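Q: Take a look at this one; I'll ask things after.
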Amino acid sequence: MHPMLNIAVRAARSAGRVITRNMHRVDTLTIESKQRNDFVTEVDRQAEAEIIQTLHKAYPDHAFLAEESGQQGDSEFVWIIDPLDGTTNFLHGFPQFAVSIALQVKGRLEHGVIYDPVADELFTCSRGEGVSVNNRKLRVSKQKSLSGALLGTGFPYRNDQELDIYLETFRQFIAKTAGVRRPGAAALDLAYVAAGRLDGFWEMGLKPWDMAAGALMVREAGGLVGNLDGGDNWLKKGNIIAANPRVFHEMLQVLKPYAERYA
Ligand code: IPD
Ligand code: CA
Ligand code: CA
C-alpha cells in the first residue's frame, strides 16, 4: 500500500472510532443546523480534527479541504475530507454512514479511503492500482443495461435545489430500472458502485468531499464518472453520474437533456 494511503487509512479508522464511540449516545449530542436539513454535531467536528491531526503530523506541508473546517494551507497536495458522510442517518441510528478521505495531487485524484465503521468495511484505492474492500479487489457490475439495473441516488433536501427537475429524472429511472435506492451517504453509494452492489448512481448538488474518494474508486473498478452531460468537471459542479460503462451511457441519455438546467 502506498505510504500516503496507509496514513489515510489510519486517519479514517481513528475517525471511525470517534463515530462508533458516540453512536449510542446520539441523544446527548449537541446538534447544530448549518442550514435547513443540514446538520453538524460535535462528532463530525471531532472526527475531522482527528483526521487532520493524523495527516498533518505525517505531511505538515499538505493542504486540506474539509467539510467542517474548510480550506487550510496551500499545496499541490490537497486532502479532501468528509469526516462523517451521512450525518442525518447517524443522528437517526440508521446504520449507513462513513468517513471519506481523498488525496488530490496537482489537481488529480490519487488516493481514496472510505470507511464504514458499522459494517467495518474499509474501501481503499490508488490511481492505477485498483480498488479493494478489506483487501478484496472490486470491479463494477456486469449489468448490461438500465433494464434490470439497481441504481442509487440522493434526493434534493436543501431549499436551493431544483426538486421538480430532479423528480423528472427520478420518474424516468424508476420506470426504466429494477429499482432505485436512497441510502443517504453519497460516499458509500459510490463505493457500492465500485463494488458492483449498485449498477449506477446519480445525484445533483454534491460537494467535493462527498464525491472525491468514491469517484476514484468507481474509476479504479472499471466504471465511468461524469457530470450530467458526460463532461469531466463534476467535482466542481457537484452533479455526478457514476456507473459501469454500459449503464453509464444509458444514464447519460436520460440525464443529458437536464444538464443545461443544472448549469
Ligand atoms: C450528505 C450525504 C447524502 C447526500 C447529501 C450530502 P453529509 O452528506 O452524502 O447522501 O444526499 O447531499 O450532503 O452532509 O451527511 O456529510
Ligand atoms: Ca457528505
Ligand atoms: Ca459530512
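For what it's worth, this note's numbering labels the leading residue of the sequence shown as 5, then goes sequentially.
Quick reminder that beta carbons are idealized off the backbone N, C-alpha and C, glycines included.
Predicted model only: the values in this text are computed from it and were never measured.
1) Would you call the CB atoms of Asp203 and Val251 closer than 7 Å?
2) Considering only heavy atoms of ligand 3, does any lie closer than 6 Å to the CB of Asp120?
3) Ignore the nearest five residues each way along the sequence and tell me which others in Thr58's own chain have a CB closer than 8 Å to its CB.
4) Along the chain, where does the alpha helix (DSSP H) that runs through Asp164 open and close?
5) Within 7 Å of any Cβ in chain D, is that where the Cβ of Val229 sits?
6) Return the Cβ separation of Leu239 and Ala216 in integer angstroms, given the expectation that the two are a contact with Cβ distance under 8 Å.
7) Asp214: beta carbon under 6 Å from a heavy atom of ligand 2?
8) Just to check, is the beta-carbon of Thr91 closer than 6 Å to a non-hydrogen atom of ligand 3?
9) Across which residues does DSSP place Lys141 in a beta bridge pair?
10) Do you know how far the Cα of Ser130 is from the Cα of Met8?
11) Shorter than 6 Å, the distance from the beta carbon of Asp65 to the closest heavy atom of ligand 2, or not?
12) Relative to ligand 3, is the shortest distance from any of its heavy atoms to the C-beta of Glu71 smaller than 6 Å?
13) Does ligand 1 have a heavy atom nearer than 6 Å to the CB of Ala199?
14) From the DSSP output, which residues share a beta bridge with Val122?
15) State the Cα-Cα distance for the pair Val222 and Asp31, rounded to the nearest angstrom.
16) CB Ala189 to CB Ile118, shorter than 7 Å?
17) Please classify Ser149: does DSSP put it in a helix, a strand, or coil?
18) Evaluate the contact criterion for the segment 80–95 versus the segment 104–116: three or more CB pairs, one atom per stretch, below 8 Å.
19) Quick check: the Cα distance between Arg201 and Thr181, rounded to an integer number of angstroms?
20) Please work out which residues of its chain come closer than 6 Å, Cβ to Cβ, to Val122, disregarding the five sequence neighbours upstream and downstream, and give them in chain order.
21) Give me the Cα-Cα distance between Arg25 and Arg265, rounded to the nearest whole angstrom.
22) Could you give the distance in angstroms between the alpha-carbon of Asn237 and the alpha-carbon of Phe101?
A: Reading from the atomic positions:
1) To locate residue 203, count along the sequence shown from 1; it is residue 199. To locate residue 251, count along the sequence shown from 1; it is residue 247. With a cutoff of 7 Å on beta-carbon distance, Asp203 and Val251 are scored as near each other.
2) As a working mapping, residue 120 is identified with position 116 in the sequence shown. No; taking the cut-off as 6 Å, the Cβ of Asp120 has no heavy atom of ligand 3 nearer than that.
3) Numbered from 1 along the sequence shown, position 54 holds the residue referred to as residue 58. Correct list, in chain order: Ile11, Arg14, Ala15, Ser18.
4) If you number the sequence shown from 1, residue 164 lands on position 160. No alpha helix (DSSP H) contains Asp164, which DSSP labels as neither H nor E.
5) Considering every chain present, this structure includes no chain D. It has just one protein chain.
6) Along the sequence shown, one-based indexing puts residue 239 at 235. Along the sequence shown, one-based indexing puts residue 216 at 212. So it is a contact: roughly 7 Å between Cβ atoms.
7) Within the sequence shown, the letter at position 210 stands for residue 214. True, at least one ligand heavy atom lies under 6 Å from that Cβ.
8) Counted from its first residue, the sequence shown places residue 91 at position 87. Yes, ligand 3 has a heavy atom inside 6 Å of this Cβ.
9) As a working mapping, residue 141 is identified with position 137 in the sequence shown. Ser136.
10) For the purposes of this step, residue 8 is taken as residue 4 along the sequence shown, with counting starting at 1. For the purposes of this step, residue 130 is taken as residue 126 along the sequence shown, with counting starting at 1. It is roughly 10 Å from the alpha-carbon of Met8 to the alpha-carbon of Ser130.
11) Looking up residue 65 in the sequence shown gives position 61. Every heavy atom of ligand 2 is 6 Å or more from the Cβ of Asp65, so no.
12) Position 67 of the sequence shown, counting from 1, holds the residue named residue 71. Under cutoff, so the answer is yes.
13) Taking the sequence shown and counting its residues from 1, the one referred to as residue 199 is at position 195. No, Cβ of Ala199 sits at least 6 Å from all heavy atoms of ligand 1.
14) One-based indexing of the sequence shown puts residue 122 at position 118. For Val122, no pairing in a beta bridge is given by DSSP.
15) Against the sequence shown, residue 222 aligns to sequence position 218. Against the sequence shown, residue 31 aligns to sequence position 27. Rounded to the nearest angstrom, the two C-alpha atoms are 36 Å apart.
16) Translated into the one-based positions of the sequence shown, residue 189 becomes position 185. Translated into the one-based positions of the sequence shown, residue 118 becomes position 114. For Ala189 and Ile118, no; Cβs fall outside 7 Å.
17) As a position in the sequence shown, residue 149 is number 145, starting the count at 1. If DSSP states are grouped into helix, strand and coil, Ser149 belongs with coil.
18) yes
19) Position 197 of the sequence shown holds residue 201. Position 177 of the sequence shown holds residue 181. For Arg201 and Thr181, the distance between alpha carbons rounds to 14 Å.
20) On the sequence shown, residue 122 is found 118 positions in, with the first residue counted as 1. Cβ neighbours of Val122 beyond the five flanking positions: Pro99.
21) Numbered from its first residue, the sequence shown carries residue 25 at position 21. Numbered from its first residue, the sequence shown carries residue 265 at position 261. When rounded, the distance between both Cα atoms is 43 Å.
22) The sequence position of residue 237 within the sequence shown is 233, counting from 1. The sequence position of residue 101 within the sequence shown is 97, counting from 1. Rounded to whole angstroms, Asn237 to Phe101 spans 26 Å at the Cα level.
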